[in-house]
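Below you'll find the structure, written out as structure tokens, and then a few comments.
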Amino acid sequence: MIRWKWNYMKLRDKLLLMYVLSVFIPIVVTNVVFYQVTTANIRSQKTRDAGMALNNLKNELRVTIDQGVGLSYSLYADPVFNDTLSRSFESNSEYIRAYNSYLKGEFSGQLSQGIRWYQVYTDNPTILSSGYIEHLNEAVRNSSWYKQLQDNVVPYPTLIATDQMLSLVQRLNNLNTGGIEQLLKIDFNMDLLHEQFRNSGFDGKVYLVDPGGHIRFSNDSRTENVSVGQLYREMEFPNKTIRFDRVYSGINYLEGWSLQGVMDEEIVLQEVRKSRSFVVWLACINFVLPSIIIAAMSRSIHVRLVRILKHMKKVKTQNFQTIPPEDARDEIGQLTTEFNRMTETIRNLIDEVYLADIQKKDLELKQQQAQLHALHSQINPHFLFNTLESVRMRSLIKGEKETAKIVHHMAKMFRKSISWNQHDVTVKEELELIDSFLQIQKYRFGEKLQYYIEADPAALKYRIPKMVILPFVENASIHGIESTPGEGIIRLFVQLEGQNLHIGLEDNGIGMSEARLKELVGYLEQNMDIGEHVGMKNAYSRLKLCYKDRFSFSIQSEEDKGTCIQIWLPLDGDEPEGE
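Under full-length UniProt numbering, the letters of the sequence shown match residues 1 to 579, in that order.
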């Protein structure tokens, strides 16, 4: 496992990381904390303001209702008024005189701004319907407000809501009415209530809820789409809401009634949310601007260090080029000066000592090559050619044409293999040599061996190292085909693929196991000596000497199924021979 270290990072990355950890992140965290604290404070302040606005609305609503309560108690406690309503009149004229003298305008001056109208209902048959006095007939008894009154048998006024109307109903039974039912119904000014709800200062929805939990009045436009009496708990609100509950208590005629306030937290904090973009922009400015400054300052360091590094790599390839001088007095400038001085010193040492040693060794190598050529020249192979030619001519005279053909192929291969002054051949010449070898092998194996050679005509004139394909063909015929019980097939193809020469060799011989294949590859690449495949090793080594790492070689084999060898040689842009 590789351990991470600070020294693994580039200098530019270190400067940027130092800024991010030491400046950028603390600034962002500070802004976020400040934003959260500000949001919490504003939310708390908005909540307090909303609570105060709801309390004021609660008090204003009570004042309005108290106006109706005052009128109700005035009529309820007036003995003359109640006695007149319950009295049995002898004639209509008698009632009219009583109405004009007392009932007609006795309480008309008590109407206040919060009261729209009041109505007195009685089932006294001797009273005529006139002004604010009506008969308590069946239509009235079937009305919604009358039915709600029957559910509240209390001596004090009852607050009733019907059809977007708030009313206060009082039984006028303070005195003995002789069985006559008398009611006072006071209707409040709904326009005034709407105005009070609108001007309450509460930034949200307010609902007037009766003791049963039903909505009776609200400033929420959605309540216009539902009937009066909708349960408050069935209303749907956004997930993030702030709720307020102001319950009337200790007041008999308002006992159980409440004001329910609902505020959308997103709307409450809308102004605060706008500051988030400011925080983001501020963070971006805090990051981008210093990053540009750090990048500009680090560039003078990074570029010069990279330039020194490139020249140091050139020194590794014996290119002792000095760095152009610059007007710099910092540590990197001093390092550049010392590097140039060191490069000049090394180059002088190499010129004086190393090159002289190389020239000496090169001279010794040439002397050894001269000795080797002298030894080669002592061997005169012409007698072998003459001998093979004699055998071929004798075979022709005796009519053994096949033997003569094989001897001719042997002489041709021998002549090619001992040509010391020729290191590379054309693809065509190499394939002719391979064809001669396979003809000899076919003479040996007979019909057991079948071979096919296919070559791209455009590839025949390119030059390759001599005898780099033949050892692999030899290995395929000797080690692959010889031991196979059936017919052996060898296929060789050469073709151009872009800037590469692709050579493929396949056989259906005995193949190799995975362990044997791995051993062979190790032998070819790592100089592991296993005593076999000397020809393949020789060809592979010459390919590495000629092409170094620019050629590709792969070998695949499966036991009892055969072997496939693929070689890709670079053309290096050379024109084929003859063009």
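The C-beta atom is built at its ideal place from N, Cα and C for all residues, glycine as well. Keep in mind that this is a model prediction, so the values were computed, not measured.
Burial state of residue i (16 or more Cβ within 10 Å)
| i | result |
| --- | --- |
| Trp281 | exposed |
| Asp149 | Looking at the sequence provided, one finds Leu at residue 149 rather than Asp. Per the 10 Å Cβ criterion, buried. |
| Met536 | buried |
| residue 635 | No answer is possible for residue 635: the residues shown for the chain start at 1 and end at 579. |
| Glu558 | exposed |
| Leu172 | buried |
| Ala476 | buried |
| Ser249 | exposed |
| Met9 | exposed |
| Thr177 | buried |
| Leu17 | exposed |
| Ile567 | buried |
| Gln556 | exposed |
| Arg216 | buried |
| Ile358 | exposed |
| Thr122 | buried |
| Ala161 | buried |
| Lys466 | buried |
| Val80 | exposed |
| Tyr22 | For the sequence presented, residue 22 should be read as Ser rather than Tyr. Per the 10 Å Cβ criterion, exposed. |
| residue 603 | The structure shown has nothing for residue 603, since the chain only spans 1 to 579. |
DSSP state of residue i mapped onto helix, strand, coil
| i | result |
| --- | --- |
| His214 | strand |
| Ile65 | helix |
| Thr337 | helix |
| Asn538 | helix |
| Phe34 | helix |
| Ser298 | helix |
| Val153 | coil |
| Met52 | helix |
| Asn225 | Residue placement at Asn225 is flagged as unreliable, the pLDDT there being 49, under the threshold of 50; a coordinate-derived value is accordingly withheld. |
| His423 | coil |
| Ser130 | strand |
| Ser554 | strand |
| Leu449 | strand |
| Met1 | Any reading at Met1 must be qualified, since the residue scores a pLDDT of 45, below 50, and its modelled position is unreliable; no value is offered. |
| Phe89 | coil |
| Asn142 | coil |
| Gly522 | helix |
| Asp351 | helix |
| Ser101 | helix |
| Thr162 | strand |
| Thr177 | coil |
| Ile530 | In this prediction, Ile530 scores a pLDDT of 46, lower than 50, which makes its location untrustworthy; no coordinate-derived value is stated. |
| Gln196 | helix |
| Gly562 | strand |
| Asp187 | strand |
| Leu569 | strand |
| Gly182 | At residue 182 the sequence reads Gln, which differs from the Gly that was named. In the structure shown, Gln182 sits in a strand (DSSP, three-state: E or B). |
| Ser112 | coil |
| Ser167 | strand |
| Leu11 | helix |
Rounded distance between the beta-carbons of residue j and residue i, thought under 8 Å
| i | j | result |
| --- | --- | --- |
| Gly511 | Gly562 | 5 Å |
| His311 | Phe339 | 7 Å |
| Lys185 | Gln113 | Incorrect: roughly 19 Å between the Cβ atoms, too far for contact. |
| Leu71 | Ile115 | 7 Å |
| Leu57 | Ser200 | 4 Å |
| Ile481 | Leu449 | 6 Å |
| Leu492 | His302 | The Cβ separation is near 54 Å, so there is no contact. |
| Thr126 | Tyr95 | 6 Å |
Any non-hydrogen atom of the ligand ZN within 6 Å of residue i CB
| i | result |
| --- | --- |
| Phe34 | This structure lacks the ligand ZN; in fact it carries no ligand of any kind. |
Neighbour flag for residue i against chain D, beta carbons, 7 Å
| i | result |
| --- | --- |
| Val154 | Included in the structure is just one protein chain, with no chain D present. |
With contact counted as at least three CB pairs below 8 Å, one residue from each stretch, are the segment 183 to 201 and the segment 227 to 240 in contact?
-> Cβ pair count under 8 Å is below three, so no.
Is the segment 437 to 456 touching the segment 483 to 503 in the sense that three or more CB pairs, one from each, lie closer than 8 Å?
-> Counting Cβ pairs under 8 Å, three or more are found: they touch.
The segment 49 to 66 contacting the segment 332 to 351, beta-carbon criterion three pairs below 8 Å | Between the segment 49 to 66 and the segment 332 to 351 there are fewer than three C-beta pairs closer than 8 Å, too few to call the two in contact.
Between the segment 434 to 450 and the segment 502 to 515, do three or more beta carbon pairs fall short of 8 Å?
-> Touching, no, given that fewer than three Cβ pairs across the two stretches are closer than 8 Å.
Inspect the CB distances between the segment 198 to 214 and the segment 251 to 267 and report whether three or more fall short of 8 Å.
-> Under the 8 Å Cβ criterion, the segment 198 to 214 counts as touching the segment 251 to 267, having at least three qualifying pairs.
In chain order, each beta strand (DSSP E) run of at least 3 residues that lies wholly inside the segment 451 to 509 = DSSP runs (the beta strand (DSSP E)) wholly in the segment 451 to 509: 463 to 465, 488 to 497 and 500 to 507.
Does the segment 343 to 352 come close enough to the segment 308 to 326 that 3 or more CB-CB pairs lie under 8 Å?
-> With the cut-off at 8 Å, the segment 308 to 326 and the segment 343 to 352 touch.
Below 8 Å, can you find three or more Cβ-Cβ pairs linking the segment 135 to 144 to the segment 94 to 103?
-> Verdict: no, contact absent.
Report yes or no: do three or more beta-carbon pairs, one from the segment 539 to 554 and one from the segment 480 to 495, lie closer than 8 Å?
-> No, they do not touch.
Does the segment 237 to 244 come close enough to the segment 258 to 266 that 3 or more CB-CB pairs lie under 8 Å?
-> Taking one beta carbon from each stretch, the segment 258 to 266 and the segment 237 to 244 have 3 or more pairs nearer than 8 Å; the two touch.
Does the segment 176 to 183 come close enough to the segment 19 to 38 to have 3 or more Cβ pairs within less than 8 Å?
-> No, because fewer than three Cβ pairs between the segment 176 to 183 and the segment 19 to 38 fall closer than 8 Å, the two stretches do not touch.
Report the residue ranges of all alpha helix (DSSP H) runs contained in full by the segment 224 to 283; include only those spanning at least 4 residues, in chain order.
-> Correct list: 265 to 268.
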